[in-house]
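Comments concern the structure below.
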């Protein structure tokens, strides 16, 4: 298979400081945070961001998020950040999103223009006969900031869909972490149909809402904006992160996972180089393989309705005990408990 060799990494400086980072900076400033303290250790200066000259790497953006979380020290920070993110003021990409004719088109724009609209987090869409399922993947090694990004990303999509559709859509939200003490923020921003300690971090909505027409959309404006946004991506020279490209490769090979040497050869680099790149993104090769296999297994349970034996066979486990051990390592739970959770939805 052909491997995409055009990607961005955690130290690539391409994110305009006056786009998503400015949204977080403005939130912090509105709460009385000093800009010098906010940007300390990031290598950024507020004057450069105001001038439109600053370009951040994902590492710098994550550093900004870390400073904001510490200085704001508030339960609603991620949700307020998410409320302000989409469609945003990010040029052609935001125009394309703002003129989406329905939810399905908006999701396609978010996925295709991720590098412009959501450089730290990748959105994935899965469909079955009755529902649409949305998952988010860590694109750059967010580490301790992942929950903040997940809360913000889900909030941004729920808020955007309500604004552009003119109605509050019946989203069902699930999170893999336990119910936090600030659960009321989830109810206010994501709706009361929010569950915790679930197998997947996910949004779900009945499939018919994908094609409900949204008022105020312009097909012509949307098409031109998408063309302009794709031209910007062509100028960047990449559309996906290194971790996203590796995820896609491993997903395609999920039934016969490659080892480190085979993956390195597919990406035209030495095993040592691949290990260094993964370490730079705060992860390792086996962790990425497990991430993909976990995601596929849970997808087969929930969306396809597979049995334990069918999931094990799909992933080429010849022994049920080996599958149970691997699954518990991936998820912290047994296959039977996971199936019961999905069946009780």
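Residue numbers (the UniProt record's numbering): 1 to 345. The C-beta atom is built at its ideal place from N, Cα and C for all residues, glycine as well.
Beta-carbon contacts of residue i that lie in its chain and below 8 angstroms, excluding the five residues immediately before and after
| i | result |
| --- | --- |
| residue 283 | 141 and 243 |
| residue 59 | 10, 11 and 140 |
| residue 281 | 9, 10, 140, 141, 242 and 243 |
| residue 117 | 86, 88, 90, 93, 94, 97, 109 and 110 |
Reduced DSSP secondary structure (H/G/I, E/B, other) of residue i
| i | result |
| --- | --- |
| residue 16 | strand |
| residue 154 | helix |
| residue 324 | helix |
| residue 256 | coil |
| residue 171 | coil |
| residue 138 | strand |
| residue 122 | strand |
| residue 37 | helix |
| residue 42 | coil |
| residue 89 | coil |
| residue 28 | helix |
| residue 99 | coil |
| residue 239 | coil |
| residue 55 | strand |
| residue 84 | helix |
| residue 279 | helix |
Sequence-distant residues of the same chain with beta carbon closer than 6 angstroms to residue i, five excluded per side
| i | result |
| --- | --- |
| residue 158 | 171 and 190 |
| residue 327 | 335 |
| residue 218 | 99 |
| residue 257 | 289 |
| residue 107 | 125 |
| residue 204 | 131, 133 and 172 |
Backbone CA spacing between residue i and residue j [nearest angstrom]
| i | j | result |
| --- | --- | --- |
| residue 254 | residue 37 | 45 angstroms |
| residue 198 | residue 341 | 7 angstroms |
| residue 160 | residue 212 | 15 angstroms |
| residue 250 | residue 267 | 12 angstroms |
| residue 330 | residue 130 | 27 angstroms |
| residue 178 | residue 195 | 9 angstroms |
| residue 42 | residue 7 | 23 angstroms |
| residue 90 | residue 50 | 15 angstroms |
| residue 293 | residue 206 | 26 angstroms |
| residue 305 | residue 314 | 13 angstroms |
| residue 173 | residue 44 | 35 angstroms |
| residue 109 | residue 57 | 23 angstroms |
| residue 289 | residue 164 | 37 angstroms |
| residue 210 | residue 132 | 8 angstroms |
| residue 278 | residue 300 | 27 angstroms |
| residue 312 | residue 148 | 33 angstroms |
| residue 349 | residue 286 | Because the chain here runs from 1 to 345, residue 349 falls outside it and cannot be looked at. |
| residue 302 | residue 339 | 8 angstroms |
Residue i - containing alpha helix (DSSP H), residue span
| i | result |
| --- | --- |
| residue 243 | 242-252 |
| residue 68 | 58-72 |
| residue 309 | 308-314 |
| residue 9 | Neither: residue 9 is in no alpha helix (DSSP H) and is coded neither H nor E. |
| residue 220 | 219-236 |
| residue 187 | 183-190 |
Residue range of the unbroken beta strand (DSSP E) whose run includes residue i
| i | result |
| --- | --- |
| residue 111 | Per DSSP, residue 111 belongs to no beta strand (DSSP E); it is in the alpha helix (DSSP H), 103-112. |
| residue 206 | 202-206 |
| residue 301 | Segment 285-302 is the alpha helix (DSSP H) holding residue 301; no beta strand (DSSP E) there. |
| residue 268 | No beta strand (DSSP E) holds residue 268; DSSP gives it neither H nor E. |
Same chain only: Cβ atoms within 7 angstroms of residue i, ignoring 5 sequence neighbours per side
| i | result |
| --- | --- |
| residue 150 | 136 and 201 |
| residue 347 | What the structure shows of the chain is the stretch from 1 to 345, and residue 347 is not part of that stretch, so it cannot be assessed. |
| residue 236 | 14 and 115 |
| residue 75 | 182 and 185 |
| residue 52 | 18 |
| residue 63 | 41 and 42 |
| residue 61 | 15, 21 and 120 |
Residue i: CB within 7 angstroms of a non-hydrogen atom of the ligand MG
| i | result |
| --- | --- |
| residue 274 | Ligands are entirely absent from the displayed structure, and the ligand MG is therefore not among its contents. |
Minimum Cβ-Cβ distance from residue i to chain D less than 8 angstroms
| i | result |
| --- | --- |
| residue 160 | Judged by its chain identifiers, the structure shown contains no chain D, having just a single protein chain. |
Quiz item: Any chance the region 53-70 sits against the region 23-39, with 3 or more Cβ pairs inside 8 angstroms?
Solution: yes
Quiz item: Within the chosen definition, does the region 95-104 reach the region 208-227 through at least 3 CB pairs nearer than 8 angstroms?
Solution: yes
Quiz item: Within the chosen definition, does the region 111-123 reach the region 174-192 through at least 3 CB pairs nearer than 8 angstroms?
Solution: no
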